[in-house]
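Engineer: Numbers 0 to 231, taken from numbering that gives the first Met the number 0, label the letters of the sequence shown in order. C-beta atoms are modelled at their ideal positions from N, C-alpha and C, and glycine is treated no differently. The structure is given below, and queries will be raised subsequently.
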Amino acid sequence: MYHRGALRLTLWLVPALLLMGALILWLLLQSQRDLERAQQTRFDYFEAANQIRMLSGQLSARARSYAYTGSERDLSLYHHVLAMTEGRHARVNGKTLSNEQLLRGMALTREELNLLERARQATLTLARLEDEALRLTEAGHSHQARQKVFNPDYDSYSEVVTGSVNQFVGLLLERLDRNIEQERQQHRYAMAAMVIIFMLLVLCSLVLSWLLRQETPHSGRVMPGSRYGGAR
Numbered sequence: 000m001y002h003r004g005a006l007r008l009t010l011w012l013v014p015a016l017l018l019m020g021a022l023i024l025w026l027l028l029q030s031q032r033d034l035e036r037a038q039q040t041r042f043d044y045f046e047a048a049n050q051i052r053m054l055s056g057q058l059s060a061r062a063r064s065y066a067y068t069g070s071e072r073d074l075s076l077y078h079h080v081l082a083m084t085e086g087r088h089a090r091v092n093g094k095t096l097s098n099e100q101l102l103r104g105m106a107l108t109r110e111e112l113n114l115l116e117r118a119r120q121a122t123l124t125l126a127r128l129e130d131e132a133l134r135l136t137e138a139g140h141s142h143q144a145r146q147k148v149f150n151p152d153y154d155s156y157s158e159v160v161t162g163s164v165n166q167f168v169g170l171l172l173e174r175l176d177r178n179i180e181q182e183r184q185q186h187r188y189a190m191a192a193m194v195i196i197f198m199l200l201v202l203c204s205l206v207l208s209w210l211l212r213q214e215t216p217h218s219g220r221v222m223p224g225s226r227y228g229g230a231r
């Protein structure tokens, strides 16, 4: 009677474990996709932030170089980089997006947005000074042009841009790394649950096999001499 009750319980338990295993497998696959998505987001966000930082530095370098040398090549390169930041020319990765479009595609915190706004305001001042320097250089006023981009104020605004963007990148990567670690932890939990379910299924299979053997009727043994109906 005890064996039959245990057998019924096991027969109910196995399908339940299979159902749980299927659910956990789905969660495992979902956590793997979430982890891959978080890693891709980190890569994309870092690439976008790094491009903004790099192109800002290139604009300053080209503007200063043109103001100092008057080289048409520096002027052409300045306008080329400016076109990339404004979305009028393809970037190195082949995408034609302005800095604003890059940032709009990113889910950012309030603190991160504040840092970017601080950098943007400083960039507007730099752009104004650079534009004045370019016009003065084209007009042949090289000395006045150099004063626009080689002075403490210009350096101060450049440092604001660089510092704000660097802080932004640091905060961004720190937050995204935390997200990736959370996804990894959930993936590990799902893996551990899957292993436990598998072990329970193996255990239930062994118990079920033993119970079925106990329920199978045993054929009686034939005693020596019994088939002769007794001694002669």
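Using the C-alpha atoms, what's the distance from LEU26 back to MET19?
Structural biologist: 10 Å
Engineer: Entirely within the stretch 24-86 and at least 3 residues each: give me those beta strand (DSSP E) ranges in chain order.
Structural biologist: You should have found no qualifying run.
Engineer: Would you say PHE167 and GLU85 are within 8 Å of each other, going by their C-beta atoms?
Structural biologist: no
Engineer: Pop quiz: VAL80 and LEU58 are said to be a contact at Cβ under 8 Å. What is the actual Cβ separation, rounded to whole angstroms?
Structural biologist: 5 Å
Engineer: Are VAL160 and ALA121 close, meaning C-beta to C-beta below 8 Å?
Structural biologist: yes
Engineer: I think MET193 touches LEU17, with their Cβ atoms under 8 Å apart; what is that distance to the nearest whole Å?
Structural biologist: That pair is no contact at about 12 Å.
Engineer: Are ALA62 and GLU129 close, meaning C-beta to C-beta below 8 Å?
Structural biologist: yes
Engineer: Using the Cβ count rule (16 or more neighbours within 10 Å means buried), how would you classify LEU133?
Structural biologist: buried
Engineer: Residue ranges of each alpha helix (DSSP H) run of no fewer than 4 residues wholly in the stretch 88-127, ordered along the chain?
Structural biologist: 98-103
Engineer: Buried or exposed for GLN29, going by 16 or more other Cβ atoms inside 10 Å?
Structural biologist: exposed
Engineer: By how many angstroms is the C-alpha of ASN113 removed from the C-alpha of TYR67?
Structural biologist: 34 Å
Engineer: Report the three-state DSSP secondary structure of HIS140 (helix, strand or coil).
Structural biologist: Coil.
Engineer: Apply the 10 Å Cβ neighbour rule to ASP152 and answer buried if 16 or more other Cβ atoms are within range, or exposed otherwise.
Structural biologist: exposed
Engineer: Indicate whether ARG90 and GLN50 have their beta-carbon atoms separated by less than 8 Å.
Structural biologist: The answer is yes: Cβ separation under 8 Å.
Engineer: Rounded to whole angstroms, what is the Cα-Cα separation between MET53 and LEU76?
Structural biologist: Rounded to the nearest whole angstrom, the C-alpha separation of MET53 and LEU76 is 14 Å.
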